[in-house]
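Colleague: My questions will all concern the structure given below.
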Amino acid sequence: MKTNNKISVMRYAGAIFGMLLIALFAVSCGGGGGKGKEAGKAKIGAPRGKESFQDVVKRRGLNEDDVLAAVKTYTPDHVADEAVAANSGGQEGNLPTYVLPSMRMVKYIPINTRQPYFGYGYSEETYNLMKDGFIDGAEILWGDTHHPGFSETDGLYNGKWLVINDKANPRIFIVDLRDWMVKQVVQNPIFRSDHGGCFFTPNSEYIMEACQYPAPFDRKYHELTEENFKKYWRGGLTYWKFDNNTGKVDLKNSFTFEFPPYTQDLSDAGKNESYGWGFTNSFCSEMYFGGIEAGRPPFEAGCSSRDVDYLHVTNWKKAEELIKQGKIGQKRINGMRVITIPEAIKYGLLYLIPEPKSPHGVDVDPSGRYIIVAGKLDSHAWVYDFEKIKKAIDNKKFDGTDSFGIPIIRLEDALHKSVEVGLGPLHNQFDSKDGVVYTSIYVDSRVTKWNYKIDDPKGEKSVLAYVPSHYNIGHLVSYHGDTKKPRGKYLIALNKLSIDRFNPVGPLHPQNHQLIDITGDQPKIIYDLPLPMGEPHYTAIIGRDVYEKNVMNVYPVGTDIVTMKKSPYATDLGAEKVENKGNTVEIFGTIKDGKVTPSDITLKQGQDVIIHLTNHGQGLNDTYIYEIASYDKMYPFKPGETATLKFNAEKAGVYPIMLDKQYDPSDRVQIGLLTVNFDQDAENKRVLAYTKRINWDQKVQAFKPSSIELKSMLPGEIEFLNYGCNACHKFGEPFNGPDLYNVHKRRSDKWLREWILNPESKYKDKDIEAMRQYYKLAMPNQNVDPKDVDKIIEYMKAKSAQLDKQKAAKG
Amino acid sequence: MKKGNKILMVSYIVVALLALGAIISTYFLPMWWVALQSHQYPKSMYPKGIRIEFKYNGVYNGCEGVREREELAMNVGADCLIEMNKINHFIGMFPIVQGVNDLNEMGEHVPYPVYASDKLSPEEIPDALKHLDWIMRHSHYFFVLFAVFMLLFIAISRKKLSWAAILAGLAPFYFLIIYIYYLYWYGHNLGLHGGGAFSGIKPFMPTVFGEGKVAQFTTFSFPDVGFYVGLLGFLLTLVAIYLKSKYIKSVKA
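Top to bottom, those sequences are chains E and Z.
For the record, in the first sequence the residue sitting at position 317 is 317 according to the working numbering, with numbers rising by one throughout.
For the record, in the second sequence the residue sitting at position 90 is 90 according to the working numbering, with numbers rising by one throughout.
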């Protein structure tokens, strides 16, 4: 009751404060629109048009809370935004960022999708970077970016690096906060999916990336049986060795804990007293693997039949030492060092603790002592005490092991308390106020503010406030909420459904990120941001003051923006050159003040073209988009950047080269010409390649007549169509190639047979040469099966006879 | 044999026929409604909350306009009944038996609820629910029986036959008994953990009448028009019995 009173008093005070603010605002706006003329004379904050502040409030149907929210978020040009939020963009493949508290979008960082705005994947340098993420040779140009995390020093954000994982394909992407661009793509060589990443250890020694669904580590085929599932399928947790200075992940010094084939969810790294430890959720300790077609329950149901799952506690610090001593982790699978389950058990590196059903978030509090786990299918959040966990480990007090022999710590020996927070708790984020945590509640669609520290055996005093969210909240994030020093102030609820919050726009509607002011006792929603993109799953917020000093707006001239070093192809002004090496033309050029040198490019058809351009502009507006549109080449050169474009000049012709100044209102300007001179051999090659493609397509989509169609067809007609002869030949008139009417009378069967099977052998014949000149095409080798040649010839004869008949009938 | 008072005879017949009409109409009218309200079901989309209606022969969507919602339009059977089942499954509650309202994707009747067949194989469905399903699907036979009883009561003017009229007139109370029994059953059989339900939910008795609170959902449970019409039918039945007894007395007099 006391707290209730307190809350209502605070509310009252808040309301009065709000009224005061409005009054202040109104006064500054010229003391009300009633005195229109006078108001118009006020110098500062004069109402626009005739409406006064009160008029606008009335017309738009706003209330006091609305106006207060507007005052808290509106950011005019003379006020700076305080922080920036980095979002996962789901299958969008971008990492969108927006600023707080104004909630305005500022940048889309491309992660795993080609993006024209950035040029990501359009230059050789950036495409080669993306190639590092192609798994087993498959070109993967999408992903499901999931959990962004900022690099840390001493448990605080250092503003240097941002890492995000791709859940669909087990990869992590390192973003450099100097230029907000991906610099490294790392694929996990033994996982098939990942989820619990990316979480930095307090000094960015490692990045934690936990597996999601278990799969055979060797990535090979194993028949899916219960026995094999237990034998080959494995979950796991990778600690990626990270260098805080260079921002590079080092596979050689990274290691992976082998886990039983449970399914991992999120992770978090310990800090302060739990430093050196990591915590990873898992569900499906049932080791269920689905099979509704075999009459088994659906996957999620089968995975939720037990009432508890296991929190995995790993000791990375000790593991690191033991690896150095050569005692563990000598086994490498696909290049990844693996700490096997027996090794982890032997040296006390891995423990299990029961945790609430279907766990999502595991979050270590700022002190490092408490670990909070929220499980979707338990209405309580469970608070673990690391001191107790440590004690149980030191005393070797275990409650048996799981079927893999991993010791299980008894729940009572680890739990501090559990608090009923609502239906469907998911994730936890910490406030600057000691002991205050916010948990997202999925089924209830709200955020529960509660105290995880106070001793409250019945759990009655722990819950402090509820905030409705709109709707179906998933993650939530507070300002520096996972560091040693959360900043409080802001909380963002990441809602999956927006229902009625925005204008209707069809079945694919935006998700809703709600900014919540958490300064008062009762948190208040102050902004709704629609996010129209693939599932924006999770967000991390970083203060502008932390990273701002590291940001660069221009690169030193000649920078390869992937390596951040001077490009070997950087070209000085005046040193531009064109190297013609027969099959290849390599151009070293420059861009300066809207001019490209060399501006014109002249080539022979069929040559490979490599264009290295260095942008010598060093101004904020010196980003130039270089385009050779008909060759599908485009790249925005950032100030100082050197990048490479590569293509084969397969088509002859004259193509405009355009340059567009990205930050200038002028249109695209033609700055030169690409001239590709005609070359007969190259042209033949192109056409052959082209017809080969058509031929292939036709084979794939071979003509399959119905029985009725078959009756009306001439002998050999199917073969004629399926080898694509009709693409160039007709009967009774010339087409792309010569008329085939009565061709059997002009040529012998033997000649036709040779010609169809091996046209190259007759290219040099005089009459054929003449026809090639005439049609600008050479008869391609259609790889006709020798069995089918006679059928095709038979068809030519039959078709000619049919035409003769028709002509005769017409008279 | 003497003839009785004609006016009494006509009036008991008319009143009994009216009672029968009222009782039969309850078959077609919703008897009870239940709604859940919560902020995540905004008024603009769900003016009455997640509302479902109970009839003798089945359970129905009680939300207007929900089918027109774009994101639900393509979903066969998308309505508040589905939504209600979704909420219930989180606490391990069995899906609501839908009676004759229960159609599969082909628009055919299927033995068990559409939603349930998703989560439950036929063998797993408890007997109690199979019985409920049977009652709903055969409820029209009960009404034929009520009509027969009432017509017997009307036609055989020499005997009182009050029991026949009462058996028919109690129709709304039969509903109420079944309804309360199954509310209790659903609240005490939270066995559907396979669907991904919360652990540690205690059995409870859902609100039968009035307003309640479960988590942050406000629940409403009230009689609907059919129940009131049924009550009227019951009262008319009593009146008819009274008139008939008077008439029989007039015959004897």
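Think of the CB as a built atom: it goes at the ideal place given N, C-alpha and C, for glycine as much as any other residue.
(1) Locate the alpha helix (DSSP H) running through glycine 226 of chain Z, then write down its first and last residues.
(2) Would you kindly work out how many angstroms separate the C-alpha atoms of leucine 777 of chain E and leucine 740 of chain E, rounded to a whole number?
(3) Just how far apart, CA to CA, sit valine 443 of chain E and asparagine 228 of chain E?
(4) Give the secondary structure of serine 440 of chain E by DSSP, where H, G and I count as helix, E and B as strand, and everything else as coil.
(5) Ignore the nearest five residues each way along the sequence and tell me which others in proline 407 of chain E's own chain have a CB closer than 6 Å to its CB.
(6) Grouping DSSP H, G and I as helix and E and B as strand, with all else coil, what is phenylalanine 198 of chain Z?
(7) Out of Z/Val208, Z/Ala165 and Z/Ile166, state which residue places its alpha-carbon closest to the alpha-carbon of tyrosine 186 of chain Z.
(8) Express the C-alpha separation of serine 379 of chain E and leucine 17 of chain Z in angstroms, rounding to a whole number.
(9) Kindly identify the DSSP beta-bridge partner or partners of alanine 465 of chain E.
(10) So which residues of chain B does methionine 45 of chain Z contact, with C-beta pairs closer than 9 Å?
(11) For glycine 93 of chain E, is the classification buried or exposed, using 16 other Cβ atoms within 10 angstroms of its Cβ as the cut-off for buried?
(12) Apart from the five residues on each side of it in sequence, which residues of its chain come closer than 6 Å, Cβ to Cβ, to lysine 249 of chain Z?
(13) In the DSSP assignment, find the unbroken beta strand (DSSP E) run with glutamate 227 of chain E in it and report its ends.
(14) Check whether the segment 154–174 of chain E touches the segment 192–204 of chain E, counting contact only when three or more Cβ pairs, one atom from each stretch, lie closer than 8 Å.
(15) Measuring only the C-alpha atoms, how far is glutamate 71 of chain Z from tyrosine 624 of chain E?
(16) Could you please give the first and the last residue of the uninterrupted alpha helix (DSSP H) stretch that includes leucine 129 of chain Z?
(17) Per DSSP, which residues does asparagine 165 of chain E bridge with? Please list them.
(18) Is it a yes or a no for the segment 54–71 of chain E touching the segment 484–501 of chain E, going by three-plus beta-carbon pairs under 8 Å?
(19) If the cut is a Cβ gap below 7 Å, which residues of chain E does histidine 39 of chain Z touch?
(20) Using a Cβ-Cβ distance cut-off of 8 Å, determine whether aspartate 265 of chain E contacts chain Z.
(21) Let me know the secondary structure DSSP gives arginine 544 of chain E once reduced to three states.
(22) Give me the Cα-Cα distance between glutamate 38 of chain E and glutamate 51 of chain E, rounded to the nearest whole angstrom.
(23) Check whether the Cβ atoms of isoleucine 526 of chain E and alanine 85 of chain E lie closer than 8 Å to each other.
(24) Could you pull the DSSP bridge partners for leucine 674 of chain E from this structure?
(25) If you check the beta carbons only, do histidine 480 of chain E and tyrosine 157 of chain E fall under 8 Å apart?
(26) Is it right to say valine 144 of chain Z is buried, meaning 16 or more other beta carbons lie within 10 angstroms of its own, or is it exposed?
(27) For tryptophan 233 of chain E, count neighbouring Cβ atoms within 10 angstroms of its own Cβ and tell me buried if that reaches 16, exposed if not.
(28) How would you list, in chain order, the residues of chain Z whose beta-carbon sits under 9 Å from the beta-carbon of asparagine 472 of chain E?
(29) For histidine 427 of chain E, which beta-bridge partners are listed by DSSP?
(30) At the 8 Å Cβ level, is leucine 476 of chain E part of the contact set with chain Z, yes or no?
(31) Would you please verify whether the beta carbon of alanine 215 of chain Z is less than 8 Å from any beta carbon of chain E?
(32) Just to confirm before moving on: does the CB-CB distance between leucine 426 of chain E and alanine 374 of chain E stay below 8 Å?
(33) Which value, in whole angstroms, describes the spacing of the CA atoms of alanine 770 of chain E and proline 738 of chain E?
(34) Contact check, proline 96 of chain E vs methionine 105 of chain E under 8 Å by CB: the rounded distance?
(35) Which word fits glutamine 212 of chain E, buried or exposed, when buried means at least 16 other C-beta atoms lie within 10 angstroms of its C-beta?
(36) Taking 8 Å as the threshold (beta carbon to beta carbon), is glycine 424 of chain E in contact with chain Z?
Modeller: To lay it out plainly:
(1) 225–252 is the extent of the alpha helix (DSSP H) around glycine 226 of chain Z.
(2) Rounded to the nearest angstrom, the gap between the Cα atoms of leucine 777 of chain E and leucine 740 of chain E is 16 Å.
(3) When only Cα atoms are considered, valine 443 of chain E and asparagine 228 of chain E end up about 37 Å apart.
(4) Annotated three-state conformation of serine 440 of chain E is strand, per DSSP.
(5) A distance below 6 Å between beta-carbons, with the five flanking residues on each side excluded, links proline 407 of chain E to the following residues of its chain, in chain order: Tyr351, Phe398 and Thr401.
(6) For phenylalanine 198 of chain Z, the three-state secondary structure derived from DSSP is coil.
(7) Comparing Cα positions, the closest option is Z/Val208.
(8) So the two alpha carbons sit approximately 55 Å from each other.
(9) Alanine 465 of chain E pairs with E/Lys449.
(10) You won't find chain B in this structure, because its protein chains are E and Z.
(11) Buried is the call here.
(12) Correct list: empty, nothing qualifies.
(13) Residue range 226–232 is occupied by the alpha helix (DSSP H) that includes glutamate 227 of chain E, with no beta strand (DSSP E) assigned at that position.
(14) With the rule of 3 Cβ pairs closer than 8 Å, the segment 154–174 of chain E counts as touching the segment 192–204 of chain E.
(15) Below a pLDDT of 50, predicted positions are generally treated as unreliable, and glutamate 71 of chain Z, at 49, falls in that range; no measurement from the model is reported.
(16) For leucine 129 of chain Z, the uninterrupted alpha helix (DSSP H) segment begins and ends at 127–137.
(17) BP columns for asparagine 165 of chain E point to E/Ile172.
(18) Short answer: they don't touch.
(19) Residues of chain E with a Cβ closer than 7 Å to the Cβ of histidine 39 of chain Z are, in chain order, Ser445 and Pro468.
(20) Proximity of aspartate 265 of chain E to chain Z, defined by a Cβ-Cβ separation below 8 Å, is not satisfied.
(21) Here arginine 544 of chain E sits in helix by DSSP.
(22) Because the pLDDT at glutamate 38 of chain E is just 43, under 50, the model does not fix this residue reliably, and the point stays unresolved.
(23) Between isoleucine 526 of chain E and alanine 85 of chain E, the CB-CB gap reaches or exceeds 8 Å.
(24) Per DSSP, E/Ile601 and E/Tyr655.
(25) For histidine 480 of chain E and tyrosine 157 of chain E, yes; Cβs fall inside 8 Å.
(26) Valine 144 of chain Z is exposed by the Cβ-count criterion.
(27) The residue in question, tryptophan 233 of chain E, is buried, as its Cβ has 16 or more Cβ neighbours within 10 Å.
(28) In chain order: Gln40.
(29) According to the DSSP secondary-structure assignment, histidine 427 of chain E is paired through a beta bridge with no residue.
(30) No - not a single Cβ of chain Z is within 8 Å of the one on leucine 476 of chain E.
(31) Cβ-Cβ to chain E under 8 Å: yes for alanine 215 of chain Z.
(32) Yes. Within cutoff.
(33) Taking the straight line joining both Cα atoms gives about 12 Å.
(34) At roughly 6 Å, the Cβ-Cβ gap stays under 8 Å, so proline 96 of chain E and methionine 105 of chain E are in contact.
(35) Buried: at least 16 other Cβ atoms inside 10 Å.
(36) So, interface residue.
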